[in-house]
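Input: a single structure, listed below in structure tokens.
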Amino acid sequence: MEVTLKIKNAEGLHARPAGIFAKKAAEFQSTVQISVNGQIKNAKSIMALMSLGLKKDQEFQLVVDGADAETATTALTELIEKEFKQ
Amino acid sequence: MKHPFEPHLQGHGVSPGIVQGPAFVLRKKKLVQVETHFQGVEVESERFRLAQRQVVNKIEKLAAKIQREVGSSEAEIFEAHLMMIQDEEFIGGVYEQIKAQKVTAERASELVFEAQIKVFEASDSDYMRERTLDLKDLQGQIARALAAEDDALFSAIQSPVILVAEDLTPTQTVNLERRNILGIITERGGSTSHTAILARTLGIPAIVGIEGACERLNIEGEMVMDGTDGTVYLLKENGIREYFFLKLQDQAQALRDSNQFRDKPTLTKDGHSVSLFANIGRPSDISAVTAGDAEGVGLFRSEFCFMEQSSAPTLHDQTQKYSEVLNYLAPKEVVIRTLDIGGDKPLTYVPMPHEENPFLGVRAIRFCLQHPDFFKTQIKALLLSNTKGNLSILIPMVSRVSEAKEVVELVHQCSQELQSHPDYRNEKFKIGVMVEIPALVFELRELAGLVSFVSVGTNDLLQYSVAVDRLNPALQSLYSPYNLGFIRMMKFLADEALAAGLGLGICGELGGNEAFVPLWIAMGYQKLSMSPKQILTVRSLISKLDLKLCRALLERVLCSSDEKAVKELLAQFVVQGNS
Chain A
1 MEVTLKIKNA EGLHARPAGI FAKKAAEFQS TVQISVNGQI KNAKSIMALM SLGLKKDQEF
61 QLVVDGADAE TATTALTELI EKEFKQ
Chain B
1001 MKHPFEPHLQ GHGVSPGIVQ GPAFVLRKKK LVQVETHFQG VEVESERFRL AQRQVVNKIE
1061 KLAAKIQREV GSSEAEIFEA HLMMIQDEEF IGGVYEQIKA QKVTAERASE LVFEAQIKVF
1121 EASDSDYMRE RTLDLKDLQG QIARALAAED DALFSAIQSP VILVAEDLTP TQTVNLERRN
1181 ILGIITERGG STSHTAILAR TLGIPAIVGI EGACERLNIE GEMVMDGTDG TVYLLKENGI
1241 REYFFLKLQD QAQALRDSNQ FRDKPTLTKD GHSVSLFANI GRPSDISAVT AGDAEGVGLF
1301 RSEFCFMEQS SAPTLHDQTQ KYSEVLNYLA PKEVVIRTLD IGGDKPLTYV PMPHEENPFL
1361 GVRAIRFCLQ HPDFFKTQIK ALLLSNTKGN LSILIPMVSR VSEAKEVVEL VHQCSQELQS
1421 HPDYRNEKFK IGVMVEIPAL VFELRELAGL VSFVSVGTND LLQYSVAVDR LNPALQSLYS
1481 PYNLGFIRMM KFLADEALAA GLGLGICGEL GGNEAFVPLW IAMGYQKLSM SPKQILTVRS
1541 LISKLDLKLC RALLERVLCS SDEKAVKELL AQFVVQGNS
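These protein sequences, in sequence, are chains A and B. For the first sequence, my numbering begins at 1 and goes up steadily by one. For the second sequence, my numbering begins at 1001 and goes up steadily by one.
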């Protein structure tokens, strides 16, 4: 399952949101990856997420694969769209 | 002076003294090596798991405290730390490194952290580059947790015990002082291992090289160990307890006797004077220097200042440590040996490529000259701390005169660079080299005018002369100072150094070996440096010697037929000298 999302918060996906995102992603069985500019990273890892250095308004693909892919995608999309806004 | 009982166990006595007490066995599975040896994938993985968990607990507590006392936005950074340290890719990466590279938990986490730090550093975001500080912080915490696990082990010791272990790491050994350690018995190690050297400095009797000691001493009840001859006795047998009760009383008496020589000059019966200096490893050892009545410090091993750290000590840190020793002991001379790492003494925070043969590799001055900035920090710290003019700098592992020259130039360059430093006093100091590589013995004359003294590191000089790994227990019998070739070399060395007008001393373990002291005096060694605890005993011994008789002994030793003959000559001489 794949969706395209856009970073909304001003500081980009820095340590704290990356941590929250990774923690959320880790709640699911499915593999969760983020693909941007040809790089694919494990979204369950805060270090991997941080190393992408995603900035405000940057687009990326969320790639989820597994039994609970649908719930995971919904939850994580919600996080990006609604939680990380400041 | 053999004890009239069959010992329960026999090893190599490396630090003299008889003690009685219960055994405390540091279990093999619990025993962890800090810097040096890879102990297998499972052990290293477990060590990392425990360290990681410890750091997580620590940060959780800290985050909660900050949250309570300061507020949640300040606690955020710790929450991020928590997530980083619990990151599955990070943890998985460390386990993977341990497994694939067969490296210690320290090295594996360092590799993973460094790779991640590189990624962050390459980022075009300032924010991300600043996060490398967080990674470095976490890296330090893991390193400290890995090192401190030993501390937890030792805290289990609540009353005086004889510590029995497979082996002890330098970090474990330096932690011993504060504990209730009567004596030390290890399965591995030789007479010049760190355990042995430190045990002697601390005056703790020690025996090494008892195979299966952990198994065989895992018993109830008291035992007696004699660090002089390496024997261990159980107190079950008839008469042993009574016998050792008397022995312990004799020992206390001998200690009182040697105390008569406190505050006295060191002179032979016929008035020949020798200087007795102390070997120390830490600023806290200065109390032992005065307690032992040393005339100065002949060897301050500066690497211990570097080994108790999780990152390179700064100029300020080092200056403080050296000043402590130099100021406290002034006007007594303090010889500080520049960093001697590599070989058996690696550092966690300095990348050192694996070497097939570290004792012949990039160690000591070789390492320092390859890392001039690192080395210059130490030199500058030494010069800055020399506010009373009692500093001598000793350069280890010099193999040729050109190396000594390079160091001398570097020292002068540092002194120049310090001229504008507000704390620099420009006091006089001396530079000397350690003679521990046989080739240098034949270049001593060229050292004249370049440095002012030489100090013989007998441990390594012997090791390199007879080509025996001094830490290999299987070769202990070949690592013998009675080796005739070695003794002749010591004589030639003394002749050459004296002819070149160089100050001449010994700072290796043989300097304080009572059997050899008459030989060193006869050869013309002026300064003997040893564990502080040995000084009064050696001074007492020297007071009973006669220089002419020592010279006669030397003549006979030099033309004896073999090692065995040398050993007998020296043993007889000490007995006669004392009668």
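Don't be surprised by glycine CBs; every beta carbon is placed ideally from N, CA and C. Quick caveat: nothing in here was measured; it's all calculated off a predicted structure.
Are residue i and residue j closer than 9 Å when you measure CB to CB?
i, j, result
"M1489 (chain B)", "S1465 (chain B)", "yes"
"G1292 (chain B)", "V1334 (chain B)", "no"
"I1521 (chain B)", "H1272 (chain B)", "yes"
"G12 (chain A)", "L54 (chain A)", "yes"
"S1310 (chain B)", "R1144 (chain B)", "yes"
"Q1526 (chain B)", "L1235 (chain B)", "no"
"L1383 (chain B)", "L1394 (chain B)", "no"
"A15 (chain A)", "A1080 (chain B)", "yes"
"A1294 (chain B)", "I1535 (chain B)", "yes"
"Q1086 (chain B)", "V1041 (chain B)", "no"
"A1500 (chain B)", "A1439 (chain B)", "no"
"L1267 (chain B)", "I1542 (chain B)", "yes"
"T1195 (chain B)", "V1014 (chain B)", "yes"
"Y1322 (chain B)", "I1336 (chain B)", "yes"
"V3 (chain A)", "L79 (chain A)", "no"
"A26 (chain A)", "I34 (chain A)", "no"
"L1484 (chain B)", "A1494 (chain B)", "no"
"S51 (chain A)", "S1123 (chain B)", "yes"
"G1389 (chain B)", "E1355 (chain B)", "no"
"V1164 (chain B)", "L1217 (chain B)", "yes"
Closer than 8 Å by C-beta to residue i: which residues in its own chain qualify, once you throw out the five before and the five after it? Chain order, please.
i, result
"Q1476 (chain B)", "H1012, G1190, S1191 and G1209"
"I1018 (chain B)", "P1205, V1224, M1225, D1226, G1227, T1228, F1244, K1247, L1248 and Q1251"
"F1120 (chain B)", "M1128, R1129, R1131, T1132 and L1135"
"I1437 (chain B)", "M1397, V1398, S1399, D1460, L1461 and Y1464"
"K1028 (chain B)", "Model confidence at K1028 (chain B) stands at a pLDDT of 47, short of 50, so the residue's coordinates are unreliable and nothing is read from them."
"V1161 (chain B)", "G1021, P1022, A1023, F1024, N1180, I1181 and L1182"
"E1110 (chain B)", "Q1139, A1143 and T1348"
"G1212 (chain B)", "E1187"
"V1408 (chain B)", "I1431, L1450 and V1451"
"K1118 (chain B)", "none"
"K1414 (chain B)", "The sequence given here places Cys at residue 1414 (chain B); Lys does not occur at that position. Result list for C1414 (chain B): K1376, I1379, K1380 and L1383, in chain order."
"R1262 (chain B)", "D1293 and L1536"
"G66 (chain A)", "F28, Q29, S30, T31 and A72"
With a CB to CB cut of under 6 Å and the five nearest residues on each side skipped, what residues in its chain are close to residue i?
i, result
"G1511 (chain B)", "L1528, S1529 and M1530"
"T1104 (chain B)", "F1038 and E1044"
"A1288 (chain B)", "P1532"
"P1016 (chain B)", "G1227 and T1228"
"L1570 (chain B)", "A1515"
"E1035 (chain B)", "Here E1035 (chain B) scores only 49 on pLDDT, less than 50, and its place in the model should not be relied on; the value that follows carries that caveat. So the list reads P1346 and T1348, once near-sequence residues are dropped."
"A1364 (chain B)", "D1340, P1396 and M1397"
"G1093 (chain B)", "V1112"
Can you give the beta carbon distance from residue i to residue j, rounded, assuming they're within the 8 Å contact cut?
i, j, result
"N1386 (chain B)", "L1326 (chain B)", "6 Å"
"T1338 (chain B)", "N1279 (chain B)", "Not really, about 15 Å apart at Cβ, beyond 8 Å."
"M1523 (chain B)", "K1567 (chain B)", "At roughly 18 Å, the Cβ-Cβ gap does not stay under 8 Å, so M1523 (chain B) and K1567 (chain B) are not in contact."
"M1 (chain A)", "A48 (chain A)", "About 19 Å separates the two Cβ atoms, so there is no contact after all."
"V1411 (chain B)", "E1443 (chain B)", "Incorrect: roughly 20 Å between the Cβ atoms, too far for contact."
"S1560 (chain B)", "D1257 (chain B)", "Not a contact, Cβ separation roughly 32 Å."
"V1435 (chain B)", "G1457 (chain B)", "7 Å"
"I1185 (chain B)", "A1199 (chain B)", "No, I1185 (chain B) and A1199 (chain B) are not in contact; Cβ-Cβ is about 10 Å, not under 8 Å."
Going along the chain, which residues of its own chain have a beta-carbon closer than 7 Å to the beta-carbon of residue i, five neighbours each way excluded?
i, result
"F1573 (chain B)", "P1518 and L1553"
"I1082 (chain B)", "According to the sequence displayed, residue 1082 (chain B) carries Leu and not Ile. Closer than 7 Å at the Cβ level, and outside the excluded window around L1082 (chain B), lie V1056, I1059, E1060 and A1063."
"S45 (chain A)", "A22"
"D1562 (chain B)", "L1484"
"Q1370 (chain B)", "V1362"
Checklist entry - Going along the chain, which unbroken runs of the beta strand (DSSP E) with 3 or more residues stay wholly within the stretch 1390-1415 of chain B? => result Entirely contained in the stretch 1390-1415 of chain B, the beta strand (DSSP E) runs reaching 3 residues are, in chain order, 1391-1395.
Checklist entry - Can you find at least 3 beta carbon pairs, one from the stretch 1296-1311 of chain B and one from the stretch 1544-1563 of chain B, that sit closer than 8 Å? => result No, they do not touch.
Checklist entry - Between the stretch 1099-1114 of chain B and the stretch 36-45 of chain A, are three or more C-beta pairs nearer than 8 Å? => result Touching, no, given that fewer than three Cβ pairs across the two stretches are closer than 8 Å.
Next on the checklist: Count Cβ pairs between the stretch 1411-1431 of chain B and the stretch 1352-1365 of chain B that sit closer than 8 Å; are there 3 or more?
Outcome noted: No contact exists between the stretch 1411-1431 of chain B and the stretch 1352-1365 of chain B.
Item to check | Any alpha helix (DSSP H) of 4 or more consecutive residues that is wholly inside the stretch 1197-1264 of chain B | outcome: For the alpha helix (DSSP H) assignment, the uninterrupted runs of no fewer than 4 residues enclosed by the stretch 1197-1264 of chain B are, from N- to C-terminal side, 1213-1216 and 1240-1258.
Next on the checklist: I'd like the ranges of any beta strand (DSSP E) spanning at least 3 consecutive residues and lying wholly in the stretch 1297-1372 of chain B.
Outcome noted: Listed in chain order, they are 1297-1301 and 1334-1337.
Item to check | Stretch pair the stretch 1426-1433 of chain B + the stretch 1471-1485 of chain B: three plus CB contacts closer than 8 Å | outcome: The stretch 1426-1433 of chain B, when compared against the stretch 1471-1485 of chain B, does not touch it at the 8 Å Cβ threshold.
Next on the checklist: Which runs of the alpha helix (DSSP H) at least 4 residues long sit entirely within the stretch 1477-1534 of chain B? Give them in chain order.
Outcome noted: With a minimum length of 4 residues, the continuous alpha helix (DSSP H) runs that stay inside the stretch 1477-1534 of chain B are 1484-1499 and 1517-1523.
Next on the checklist: So within the stretch 1549-1579 of chain B, which uninterrupted alpha helix (DSSP H) runs reach at least 4 residues, ignoring any that extend past its ends?
Outcome noted: Complete alpha helix (DSSP H) runs here, min 4: 1563-1578.
Checklist entry - If you scan the stretch 41-74 of chain A from start to end, which runs of the alpha helix (DSSP H) of 4 or more residues do you find wholly inside it? => result Counting only runs of 4 or more, we get 46-52.
Item to check | Contacting positions in the stretch 43-61 of chain A - beta carbon closer than 8 Å to chain E | outcome: Within the model displayed, chain E is absent; protein chains A and B are what it includes.
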